[in-house]
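Residue numbers (the numbering used here): 11 to 171.
Here a beta-carbon is modelled for each residue, glycine too, at the ideal position from N, C-alpha and C.
Data block below; observations after.
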């Protein structure tokens with residue numbers, strides 16, 4: 011089947027990294043970021059060896075999922091205060107952890123199944139404005155760092171909660 015250029019067939023084109031959104035209950039609407047980094051699913055490894063194993067080989071098995079640190083950057087706008095409000099609500103032992111969904115989007119703005127990542131038990135750990143520079147000409151940015159218990163990949167039905 012030929013491509014007419016009207017839309018990109020999902021089996022002919024790779025997903026683009028510039029169309030994505032982040033959603034969670036702590037934020038009233040999907041939040042637009044210029045960059046999200048640190049998406050990584052990993053797990054501990056468990057090494058084991060029995061004393062009666064004549065080969066002396068150490069067995070390695072998959073262990074518990076590891077948490078991840080996700081960094082989100084966006085333009086700093088006075089009318090968009092939800093990140094600061096979420097940060098201000100994160101006090102010791104009082105923050106309601108969130109399930110965050112980060113979705114890669116197709117050319118029509120719809121989430122693509124294989125590009126939906128969930129951050130289980132997430133909460134903000136750092137908020138930082140960009141440096142102020144009287145000689146600069148760039149847009150002011152804000153950076154939110156989020157810690158999560160586990161990054162759930164597409165197809166993972168464990169729920170993470």
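When DSSP labels each residue in this structure, what does residue i get in the three-state scheme?
i	result
residue 96	helix
residue 23	coil
residue 167	coil
residue 52	coil
residue 42	coil
residue 64	coil
residue 11	Reliability of the predicted coordinates at residue 11 is poor, the pLDDT of 46 falling under 50, and the value obtained from them is presented with this limitation in mind. Three-state DSSP puts residue 11 in coil, outside helix and strand.
residue 30	strand
residue 145	coil
residue 162	strand
Comparing alpha-carbon positions, which option in the options lies nearest residue i?
i	options	result
residue 163	129, 145 and 140	129
residue 131	139, 29, 78 and 144	78
residue 74	149, 31, 57 and 106	57
residue 112	71, 81, 68 and 98	81
residue 149	110, 117, 25 and 140	140
residue 26	101, 96, 115 and 55	115
residue 41	89, 144, 70 and 98	89
residue 167	126, 36 and 154	126
residue 159	65, 153, 36 and 53	53
What residue does the beta strand (DSSP E) around residue i start on, and which one ends it?
i	result
residue 71	69–75
residue 114	108–115
residue 158	151–158
residue 129	121–139
residue 84	78–85
Kindly give me the distance between the Cβ atoms of residue i and residue j, rounded to whole angstroms, as I take these residues to be in contact under 8 Å.
i	j	result
residue 151	residue 84	7 Å
residue 28	residue 46	About 11 Å separates the two Cβ atoms, so there is no contact after all.
Determine the contact status of residue i and residue j, defining contact as a CB-CB distance below 9 Å.
i	j	result
residue 161	residue 50	yes
residue 60	residue 71	no
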